[in-house]
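Below is one structure, written out as structure tokens; the observations come after it.
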Amino acid sequence: MYRRLFFLVITLLLAAGWLALFLYVPLDEVVEWMGLSNSYLVALALGCFGAFATLTSVSTYPAVFAMASAGVNPVGLVVVTAIGLTLGDFLFVGAGRSVRQTLSDRGRERVEKLLRWLRERPDRVTQWVLFFWVGFTPLANNLLTGPLALTDFPTKKMIAPVLCGNFAFPILTVVLAVTGRELFFAGA
């Protein structure tokens, strides 16, 4: 009990610290302080660990937005972030596969109900839903990939939609950041 509470508090403090950093310190100074190459490492780590943890996945996108609007190369930022997010998503899928054996009877019933529901639909529908969830919603990816892992939905059928979705959302974020910077801060 205390261990879970400890990790929750640490996660919330890290997210609050990260948010405070980008709210109260000018973006150019943050990128200058981190350095350009370290910005890519931070984006990779944020993507990987942010995708793995439900509560911190939302903090990945504001960080990418901030780094892109501070002048980090958008193409490199998108590639590194997408790779990190995909790694984190599949770490979560692996964890979900190993957890299935430890579910309670009630948990197994829910998984079987979801599995029956999935079997009634073609795999392509599930793949498209997965792509749109990952690529166009700011919601945590593992809210969908976790249950799919529990139902033994084939990992190879998840790779393309998750990877494409993990490229789509950072591209959208970076385009908005760069466009916003040009529109509102071009003269500054």
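First residue of the sequence shown: 1216, per our numbering; consecutive thereafter. Virtual Cβ for every residue (Gly too), placed ideally from N, Cα, C.
By the criterion of at least three beta-carbon pairs nearer than 8 Å, the segment 1363 to 1378 is in contact with the segment 1336 to 1352.
Contact between the segment 1303 to 1320 and the segment 1282 to 1295 is not established, with fewer than three Cβ pairs separated by less than 8 Å. Leaving aside the five residues that flank L1318 on each side, the residues in its chain whose CB is nearer than 7 Å to its CB run, in chain order, V1326. About 12 Å separates the Cβ atoms of N1381 and A1258, ruling out a contact at the 8 Å cut-off. Put simply, the backbone Cα of Y1276 is about 27 Å away from that of L1365. In this structure, the alpha-carbon of P1376 lies about 6 Å from that of Q1342. Secondary structure of P1353 (DSSP, three-state): coil. With fewer than 16 other beta carbons inside 10 angstroms of its own, L1398 counts as exposed. When DSSP states are grouped into helix, strand and coil, R1336 belongs to the coil group. Around the beta-carbon of Y1255, 16 or more other beta-carbon atoms lie within 10 Å, marking it buried. Looking at the backbone, the Cα of P1289 and that of L1345 are separated by about 25 Å. In summary, P1353 is exposed, with fewer than 16 beta-carbon neighbours lying within 10 Å of its beta-carbon over all protein chains present. Rounded to the nearest whole angstrom, the C-alpha separation of F1368 and R1312 is 10 Å. As summarised for the segment 1264 to 1314, the continuous alpha helix (DSSP H) elements at least 4 residues long and confined to that stretch are 1272 to 1284 and 1289 to 1314, given in chain order. M1249 and V1393 have their C-alpha atoms roughly 20 Å apart.
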